[in-house]
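Position 86 of the sequence shown, counted from 1, bears residue number 86 in the working numbering, the numbering being contiguous throughout.
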Amino acid sequence: HASSLTSVSHADRSSHLELIHEQALELDLALRDIANRAEVQAAEPLFELAHRMAVLANVPAFETQQIPIGPHAITRCLQEALAPLELPTKHRVMAYRTFEKYALCDSRAFYEKINQILIHLGILPHQLAYRTQRRPGVFKPVAKASEVNPDTTRPPAIEPETSLSSKPVSDPSLWFNTLCELSGQRRNRLGGDNAPIGRSFWVAPGQIQAALAALQGKPVQPLRQQGKPILRDMRHLRQDLLAQLRSFSHHGEAPRLTPVQRDTIDLVSMLFDYLGNDTHTGDVTRSLLSKLQIPLLRVALLDSDFFSKRDHPARRFLNAATETTAYWMDSTDGAIDPSLAQKMSHITDQLLHDFNGDINLFTKLFDDLQRYLQILARRAKTAEKRYVEAAQGKDRLVRARTQASQAIQERLANTRIANLPRTLLEQTWTDVLTLAILRHGQSSEAYRQHLQTADNLLQHQQGEPSETLCAELQRGLIQVGMTHNDAEQVARKVLDKPVTGCRGGPISQTEIAMRLKQRPWLGETHDPHPQTEPDGISLTPEEQSMLERLKNLPFGSWFEFQCNQQGGVVRRKLAWFSSITGRCLFVNQRGQRTVEYTLPRLARDGVRKQARIAKKYDESLVDRAWKAVITSLRKLGSQPAAPSRGAHHES
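This is the structure in structure tokens:
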């Protein structure tokens, strides 16, 4: 029946919303996901292929969705090929996934081969370069020193573009000095600034970089604590680093970090701790952060601008990677997108394998990740749009059915009528009126004609001529999906005419009434995301006030919902809500629909602190974490020092 509602002409689509069948939407999104994953996997060869095929067609470069043999074209062909099989939705999706597993598993190699063929034919034989605009930023590395004097002044830092401190820094060279002083005060308060006992040697910058490079090249070994796996943090890295530095000892001396090195390691450690403990981050993000610790620590030891400049290449990359996993790799509503997991794994592995002190690698990886995020954003926008259109179509259906039902009930209020005509009017003919409102409007001629038919049925007397009324009833019933034979049988029986079944026997009014009652209503489908709360819940005055506030929120507002007793939250976007039914459509970052709420239930959860409007931040996730680090350092600096716990070894 939903297909009947999608017959609105193209000319009227700008002013009419369509009701999209849930199964059709599920199939369409499944195909889009498959095509988008293949597009991400083969982004670069597809870019080249779009230009080479445009040369063949003598047109501007194709969009990825327009490439004649691109992933989207292939999935459209797959959809058409499977259409005659009439498979159930579940089995059709399984067929799509199987095709992806075996046919599109290596789409990159497939499109690279096509490019090679076109290059061999002389079509754009030169390599094509895809460049993105980069944010301006200057990296000024600190000169390496072969020897270390621990008593030298701290290296000066460039004045930050936007200082995170509460007071402006008058001398740029004091910025990093101030941070190191705060870090040193923190160690003193915690009683952890003791030197190693016995003979020791000062670690040179080249030695600490060599030790970190050696650790960076080793596979990450899993750790277990009380039989449970745990992620490596900066404390484990510090222990591994000191153990690695012992290889530079000639006479068994213990390695001794300079104050600058200790302060830098402590600052980076605090930054990663705050990022890992953020309520938005999960195990996936913390696992990613553990892989980024060594390269980012090497950068911080080489260049103190990492702490002061927001647009530092390494800092931009850290923020992009952290926010991608924190917001896009949301597994609350199902499995993580495998293409996204594969992309992030590839980027981190490339960083660990290729980083040797060249900051430009962070810029390259950042640009690569940004291109990928643009694809994700387009996919999310498309999916969200389809869900909003489906929800708006349902809302129009509810309003139209309410209007049609009211019109029928007004006519039945003071009228005595047999059970079969009443059942027809209250159910099936209400569908006929609903469809007329959806297609033509409540003031249309078609709607008035169907109302007149209902009036004629109510006024019909047994024995009166009824051929015209019977024909009108049949036409209306056929419009809502009845076959010609069923429509004729129902119309004749309602008018108390004899009806013969397929075996030649008479059909009773009870049988016809059962047919009408068992027939699904217009647009009635199984909802995979049912409402868990009734619409008419009672609200307290505080909840009613919250409800009025929610009604004025713009679409696109982000909410945070408590998901466990430990205070963990998930982010959800309010894509749309109905002012009539109060039903809300929430989607996640990927544009996928989540469990529906009603506005009253959302207001109640808001008062109970189980849901809240997410704060809008002008700062990135890394900037907020860094700001929290500085606040914590200042707070610790104002507390009295902890009593000495005795000397201990830095090992």
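The C-beta atom is built at its ideal place from N, Cα and C for all residues, glycine as well.
What's the C-alpha gap between residue i and residue j?
i    : j    : result
Q239 : R256 : 13 Å
L182 : F306 : 17 Å
F586 : L376 : 18 Å
T324 : E445 : 54 Å
P313 : L547 : 44 Å
F669 : I336 : Nothing can be reported for residue 669, as the shown portion of the chain is limited to 1 through 651.
E63  : I34  : 17 Å
G184 : D263 : 7 Å
L458 : R583 : 36 Å
E596 : H440 : 30 Å
R246 : A321 : 33 Å
Q116 : L27  : 34 Å
I613 : R571 : 10 Å
R634 : Q293 : 24 Å
A407 : T453 : 13 Å
R316 : I119 : 37 Å
T258 : W202 : 7 Å
P155 : F248 : In this prediction, P155 has a pLDDT of 36, which is less than 50 and means its spatial position is unreliable; what the coordinates show is noted afterwards. Going from the Cα of P155 to the Cα of F248 covers about 24 Å.
L652 : L56  : Nothing about residue 652 can be reported from this structure: the residues present for the chain run from 1 to 651 only.
E48  : Q65  : 14 Å
V142 : K218 : For V142, the predicted structure reports a pLDDT of 36, less than 50, and the residue's modelled location is therefore unreliable. A value from the coordinates is still provided. Cα-Cα distance, rounded: 26 Å.
G70  : Q374 : 18 Å
A73  : R492 : 50 Å
P84  : D618 : 52 Å
S269 : E100 : 42 Å
L78  : Y96  : 8 Å
R92  : T75  : 13 Å
R286 : R379 : 26 Å
L288 : T348 : 8 Å
S653 : R549 : Here the chain comprises residues numbered 1 to 651, so residue 653 is not present and cannot be evaluated.
For a test of the three-state rule: what should DSSP assign to residue i, helix, strand or coil?
i    : result
A617 : Here residue 617 turns out to be Tyr, not Ala, going by the sequence shown. The answer is coil: DSSP assigns Y617 none of H, G, I, E or B.
A103 : helix
A413 : coil
L495 : coil
S304 : coil
F577 : strand
F561 : strand
A24  : helix
P259 : helix
V595 : coil
R634 : helix
W521 : coil
A611 : strand
P68  : coil
L87  : coil
L585 : strand
R97  : helix
F201 : strand
T483 : coil
V398 : helix
With burial defined as no fewer than 16 other Cβ atoms inside 10 Å of the residue's Cβ, what is the status of residue i: buried or exposed?
i    : result
S345 : exposed
Y111 : buried
A400 : buried
H126 : exposed
D358 : exposed
Y447 : buried
A42  : buried
Y102 : exposed
S443 : exposed
Q592 : buried
L29  : buried
S545 : exposed
G476 : buried
Is the CB-CB distance between residue i and residue j below 7 Å?
i    : j    : result
W328 : Q509 : no
L241 : A625 : no
V629 : Y274 : yes
E384 : A611 : no
N319 : S620 : yes
T434 : A404 : yes
D542 : V607 : Note on residue identity: the sequence assigns Glu, not Asp, to residue 542. A contact, by the Cβ cut-off of 7 Å.
R232 : S290 : yes
L553 : Q427 : no
Taking only heavy atoms of the ligand ADP into account, decide whether any of them is closer than 6 Å to the Cβ of residue i.
i    : result
P255 : Within the structure as shown, the ligand ADP is missing, as the structure has no ligands at all.
request  = Indicate whether the contact test is met: 3 or more Cβ pairs, each with one atom in the region 388-398 and one in the region 563-582, closer than 8 Å.
outcome  = Remark: three or more beta-carbon pairs, one from each stretch, lie closer than 8 Å, so the region 388-398 and the region 563-582 are flagged as touching.
Inter-stretch contact at 8 Å, needing at least 3 Cβ pairs: the region 415-431 / the region 464-471 = These segments do not touch.
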